[in-house]
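So the sequences go chain by chain: A and B.
The first sequence runs 556 to 1075 under my numbering.
The second sequence runs 20 to 165 under my numbering.
No residue lacks a Cβ here, since even glycine has one placed at the ideal position from N, Cα and C.
Everything below concerns the one structure shown next.
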Amino acid sequence: MNAAIQQLNNAFSLIAPEAVLLAAVCLIFFAAPFLVNERGEAPVGLRHRWGCLSLLALLLASCVWWQSPPVTRTLGPFVLDELTWYIRGLTLTFGAILVLLHWNQADDARSAESHACLLAILAGVNLIAASNDLVGLFVALELVSIPTYLFLLLPRRDAPAQEATLKYFLLSIFSSAIVLFGMSYLYGATGTTNLSGIHAAFSAASDHRANPLVAVATVMLIAGLGFRLTAVPFHFYAPDVFQGAPTSAAAMLSFVPKIAGFVALLRLMVPATGAEQAMNPWTMTPAAIPLLWWLAVATMFVGNLMALMQTDIRRLLAYSSVSHAGYMMVGLIVGMAHEHQKADVLATVSPNSVSGIGAMLFYLAVYGAMTLGTFAVLIAAARTDKRIESFDDLSGLSRTRPAMALLLAIFLFSLAGLPPTAGFLGKLNLFFAAWSQGTVEGQESYKWLAVILAINAALGAWYYLKIIGVMFLREPINRSQQDTVIETPSLIAAGLCLVGTLGLFFLPGWLWVPIQSIMP
Amino acid sequence: MTATVLESQLVVGATLFILGVVGFLTRRNLILIMLSAELMLHGVSINLTAFSRYHGNPQGQVFTIFVLTIAACEAGLALSLILSLYQRRKSLDIFLWGKLGEDDLPVFTGTPAPPITVSVDPNVDLPHLTPAGRMPKTQPGPQTKT
């Protein structure tokens, strides 16, 4: 009994930052109804207090995160290794930016619940990174998706928001069921739900033939998590949901589910640092790599080609997020292929080549900065009566609000992958990772992946530059100075994203060093 | 437990899952779509318990309990969402919720669902409680129109 309590205490210390966030969620959910009267009205300005409380909770969680360095891996349900530590830092930082974006999006009466949902989503992402068990992983994935429904619906409860929520809800529950089916077969094949145990079982069964249960599980897991990544052909909901949902929710959806999906795939497919990598057909990798290869190619092409045809800025950003998911999948595939090789083949690869998983994790951070920055400018440049929807709403922005136009142009340059922005560096890393993997004997398909990535980066530049052209070359339509609003929180968020986008180009080292410790 | 028993249990689980998928993709009533998704989750629960027996460890059963709990959460949220959707359109037909989409694509509406008409025939003998006590006297005089 004492041993069990000891184990529980140890497990709790591994997830202390999440405990702080969830405590804040409980506090907000409990306190909020007392501050709203029977008619659903709240005192004016209450949303600022909830925003401050959310920021305070994130700050507290960050302190706890900073105080809890990575520890050695155990067989318990939670793990705190370098990957967990890095992802936590990422979610807490971008969580603060999302709170700033969401500041004025919800009205005073609903602000508390939507902020609490946002914090719960962030805690869920951290728990995914910290889970070492299929049960924990599934519960954490649901902790991301269930509050997302509320987060989409609560700020504006009109028909488009309801439709967006409905679409996201139905596809999310469907994908959860598919992931769960894959997990059940994975458990059946290995006899344990512990992820370390699963990878150990894979290495132990080195002389077996390929296992059909594992192959089915791999396909199901990739399909189900593909919904979270918005990988083609599971991307259909993304444009509709981005169009209907509030801007801050669209910003959240463009970034947070992608971290969740990629980290879950990493946890499932790649054993932790230092653990023995199984080199046999029994593992998930042989089935996963060809599947992910084709998914990545389809995702990049469909995302970019569909984005070319859009006139609604939100739908365009949705397809842009689809294509960026494709770029990151390239990094994941290359990393998995790299991990799966025998040591003697690895020795032939030049030692200073970029690791695919490292490049993906770097791109994840860069992508967060640039996409959240874009949405921050869209929120800040909105008019009092109308949010920014079509290209016409942006035309001539350089005349009416030159600073906004310049900021948006920098973020779009970064999304297009042009220097001097971090987006350029991120894409270059991914390209080199794929190219150096392609130089290995018998792995030429990765060279093609690098080429396809480069082609798509060029395709993508076209529509980002089209928006910049609209802002700087067209005349303003129906825009006058007096109906602009000052959105201080979004401006602060845009400033932070600007620092990230430009800073990571000039000083990539301070992000690259912790990444190097994840994948040596 | 032998492998044949495991196999037949897995077949049941997979069948439930596939029935759920088919129902999810073909139904147009919001509540039935949600129930089909629940069917998928419970197909997985059967898989998990079967594997748990086969391997002789309790982890699969523990997993099942978590799945049931989360399915209940999803159902609760789903019903409240469906209720708020129903209040706007006064129908559970999913085709009424297709306004967002590509501009140049035709919106598939399908045939409109027949309106739900609840006809209450006054002559039908509805089930009722056994009368207790004395029958009150009916008021004589002109019937008031309601």
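Among B:Asp123, B:Asp144, B:Pro141, B:Met154, nearest to Met861 (chain A) - alpha-carbon criterion:
Taking the first sequence and counting its residues from 1, the one referred to as residue 861 (chain A) is at position 306. The candidate whose alpha carbon is nearest that of Met861 (chain A) is B:Asp123.
Under 7 Å Cβ to Cβ from Thr83 (chain B), same chain only, skipping five residues before and after it: list those, please.
Here residue 83 (chain B) refers to the residue found at position 64 of the second sequence. Ser64, Leu67, Thr68, listed in sequence order.
Alpha-carbon to alpha-carbon, Lys941 (chain A) and Gly691 (chain A):
Sequence index remark: in the first sequence, residue 691 (chain A) carries index 136 (1-based). Sequence index remark: in the first sequence, residue 941 (chain A) carries index 386 (1-based). Answer to the nearest angstrom: the Cα atoms are 42 Å apart.
Rounded to whole angstroms, how far is the Cβ of Val796 (chain A) from the Cβ of Ala675 (chain A), which I believe are closer than 8 Å?
Indexing the first sequence from 1 puts residue 796 (chain A) at position 241. Indexing the first sequence from 1 puts residue 675 (chain A) at position 120. Val796 (chain A) to Ala675 (chain A), Cβ: 19 Å. No contact.
Leaving aside the five residues before and after Ala1012 (chain A) along the sequence, list all residues of the same chain whose C-beta is less than 6 Å from its C-beta, in chain order.
In the first sequence, residue 1012 (chain A) corresponds to position 457, counting from 1. Within the same chain, Ala1012 (chain A) has close Cβ partners Gly972, Lys982.
Report the neighbours of Tyr704 (chain A) on chain B: residues whose CB is nearer than 7 Å to its CB, in chain order.
Along the first sequence, read from residue 1 onward, the residue named residue 704 (chain A) stands at position 149. Residues of chain B whose Cβ lies closer than 7 Å to the Cβ of Tyr704 (chain A) are, in chain order, Leu96, Leu100.
Measuring CB atoms only, is the region 918-931 of chain A touching the region 990-1002 of chain A, in the sense that at least three cross pairs come out at less than 8 Å?
Touching, no, given that fewer than three Cβ pairs across the two stretches are closer than 8 Å.
From the DSSP output, read off the bridge partner residues of Ser945 (chain A).
As a working mapping, residue 945 (chain A) is identified with position 390 in the first sequence. Paired residue(s): A:Asp867.
According to DSSP, is Pro1075 (chain A) helix, strand or coil?
On the first sequence, position 520 is the one that residue 1075 (chain A) refers to. Confidence is the limiting factor: at Pro1075 (chain A) the pLDDT is only 46, short of 50, which leaves the residue's position unreliable, though a coordinate-based value still follows. Residue state, collapsed to three classes: coil.
Identify the continuous alpha helix (DSSP H) that holds Asp663 (chain A) and give its terminal residues.
As a working mapping, residue 663 (chain A) is identified with position 108 in the first sequence. Here Asp663 (chain A) belongs to no alpha helix (DSSP H), and DSSP marks it neither H nor E.
Restricting to runs no shorter than 4 residues, where is the alpha helix (DSSP H) found entirely within the region 705-772 of chain A?
714-745, 750-759
Helix, strand or coil at Phe789 (chain A) according to DSSP, with G and I counted as helix
Taking the first residue of the first sequence as position 1, residue 789 (chain A) is located at position 234. Phe789 (chain A): coil per DSSP, three-state reduction.
What are the partner residues of Phe633 (chain A), as DSSP defines its beta bridges?
Mapped onto the first sequence, residue 633 (chain A) falls at position 78. DSSP output for Phe633 (chain A) lists A:Ser686 as bridge partner(s).
If you draw a straight line from the C-alpha of Asp899 (chain A) to the C-alpha of Ala684 (chain A), how long is it?
Here residue 899 (chain A) refers to the residue found at position 344 when the first sequence is read from its first residue. Here residue 684 (chain A) refers to the residue found at position 129 when the first sequence is read from its first residue. Any reading at Asp899 (chain A) is ruled out, since the residue's pLDDT is 49, under 50, leaving its predicted position unreliable.
Name the residue from A:Leu820, A:Ala988, A:Gly737, A:Cys672 whose alpha carbon lies nearest to the alpha carbon of Met59 (chain B).
Position 40 of the second sequence, counted from the first residue, corresponds to residue 59 (chain B). By alpha-carbon distance to Met59 (chain B), the top candidate from A:Leu820, A:Ala988, A:Gly737, A:Cys672 is A:Gly737.
Anyone know if the C-beta pair for Leu705 (chain A) and Ala804 (chain A) falls short of 7 Å?
Taking the first residue of the first sequence as position 1, residue 705 (chain A) is located at position 150. Taking the first residue of the first sequence as position 1, residue 804 (chain A) is located at position 249. No. Outside cutoff.
Host alpha helix (DSSP H) of Ser953 (chain A) (start-end)
For the purposes of this step, residue 953 (chain A) is identified with residue 398 of the first sequence, where counting begins at 1. 952-955 is the extent of the alpha helix (DSSP H) around Ser953 (chain A).
Is it buried or exposed for Gln798 (chain A), if we count other Cβ within 10 angstroms and need 16 for buried?
Within the first sequence, residue 798 (chain A) is the residue found at index 243, counting from 1. Counting Cβ neighbours within 10 Å, Gln798 (chain A) comes out buried, since at least 16 surround it.
Counting only beta-carbon separations shorter than 7 Å, does Ala732 (chain A) have a partner in chain B?
Position 177 of the first sequence, counting from 1, holds the residue named residue 732 (chain A). Residue-level contact check: Ala732 (chain A) touches chain B, since one or more beta carbons of chain B fall below 7 Å from its beta carbon.
CA nearest to the CA of Ala97 (chain B), picked from B:Asp140, B:Gln78, B:Ile50, B:Pro125:
Locating residue 97 (chain B) in the second sequence gives position 78, where the first residue counts as 1. The shortest Cα separation from Ala97 (chain B) among B:Asp140, B:Gln78, B:Ile50, B:Pro125 belongs to B:Ile50.
Closer than 9 Å at the beta carbon, the chain B residues around Ile701 (chain A)
If you number the first sequence from 1, residue 701 (chain A) lands on position 146. Those within 9 Å of Ile701 (chain A) in chain B are Ile89, Cys92, Glu93, Leu96.
Answer yes or no: do Arg47 (chain B) and Ile101 (chain B) have a C-beta to C-beta separation smaller than 7 Å?
For the purposes of this step, residue 47 (chain B) is taken as the residue at position 28 of the second sequence. For the purposes of this step, residue 101 (chain B) is taken as the residue at position 82 of the second sequence. No.
Hey, would you say Leu569 (chain A) sits closer than 7 Å to Phe649 (chain A), going by beta carbons?
Position 14 of the first sequence, counting from 1, holds the residue named residue 569 (chain A). Position 94 of the first sequence, counting from 1, holds the residue named residue 649 (chain A). No, the Cβ-Cβ distance between Leu569 (chain A) and Phe649 (chain A) is not below 7 Å.
Using a cut-off of 9 Å between C-beta atoms, extract the partners of Tyr742 (chain A) located in chain B.
Along the first sequence, one-based indexing puts residue 742 (chain A) at 187. Simply Asn66, Leu67, Phe70, Ser71, His74, Gln78, Gly79, Phe82.
Closest to Leu656 (chain A) by C-alpha separation, out of A:Leu576, A:Pro801, A:Ser953, A:Leu820, would be which residue?
In the first sequence, residue 656 (chain A) corresponds to position 101, counting from 1. Closest option to Leu656 (chain A), Cα to Cα, is A:Pro801.
Hey, could you find the ends of the alpha helix (DSSP H) Met59 (chain B) is sitting in?
Your numbering for residue 59 (chain B) matches position 40 in the second sequence. Looking at the DSSP string, the run of the alpha helix (DSSP H) that includes Met59 (chain B) is 49-74.
Which complete beta strand (DSSP E) runs does the region 966-1033 of chain A hold, if anything under 3 residues is left out?
For the region 966-1033 of chain A, not a single whole beta strand (DSSP E) run of length 3 or above is found.
In the structure shown, what three-state DSSP assignment does Ile101 (chain B) receive?
Mapped onto the second sequence, residue 101 (chain B) falls at position 82. Ile101 (chain B): helix per DSSP, three-state reduction.
Residue from A:His893, A:His670, A:Trp640, A:Leu919 with nearest C-alpha to Phe584 (chain A)
For this step, residue 584 (chain A) is matched to residue 29 along the first sequence. Residue A:His670 is the option with its Cα nearest to Phe584 (chain A).
CA-to-CA distance, Leu872 (chain A) to Glu1030 (chain A), given in whole angstroms:
Residue numbering aside, residue 1030 (chain A) sits at position 475 when the first sequence is read from its first letter. Residue numbering aside, residue 872 (chain A) sits at position 317 when the first sequence is read from its first letter. Rounded to whole angstroms, Glu1030 (chain A) to Leu872 (chain A) spans 23 Å at the Cα level.
Alpha carbons only, please: which of A:Phe589, A:Gly644, A:Ser617 is nearest the one belonging to Gly923 (chain A)?
Within the first sequence, the letter at position 368 stands for residue 923 (chain A). Cα-wise, what sits closest to Gly923 (chain A) is A:Gly644.
Asp112 (chain B) in three-state terms, based on DSSP
Here the question's residue 112 (chain B) lines up with position 93 in the second sequence. Here Asp112 (chain B) sits in strand by DSSP.
Hey, Tyr1019 (chain A) and Leu967 (chain A): beta-carbon distance below 7 Å or not?
As a position in the first sequence, residue 1019 (chain A) is number 464, starting the count at 1. As a position in the first sequence, residue 967 (chain A) is number 412, starting the count at 1. Cβ distance < 7 Å, so Tyr1019 (chain A) and Leu967 (chain A) count as in contact.
Check whether the Cβ of Thr748 (chain A) lies closer than 7 Å to any Cβ atom in chain B.
As a first step, residue 748 (chain A) is located in the first sequence; it is residue number 193 there, counting from the start. Closer than 7 Å to some Cβ of chain B, the Cβ of Thr748 (chain A) qualifies, so yes.
Using a cut-off of 9 Å between C-beta atoms, extract the partners of Leu51 (chain B) located in chain A.
Position 32 of the second sequence, counting from 1, holds the residue named residue 51 (chain B). At a C-beta separation below 9 Å, Leu51 (chain B) has no neighbours in chain A, since its nearest C-beta there lies roughly 12 Å away.
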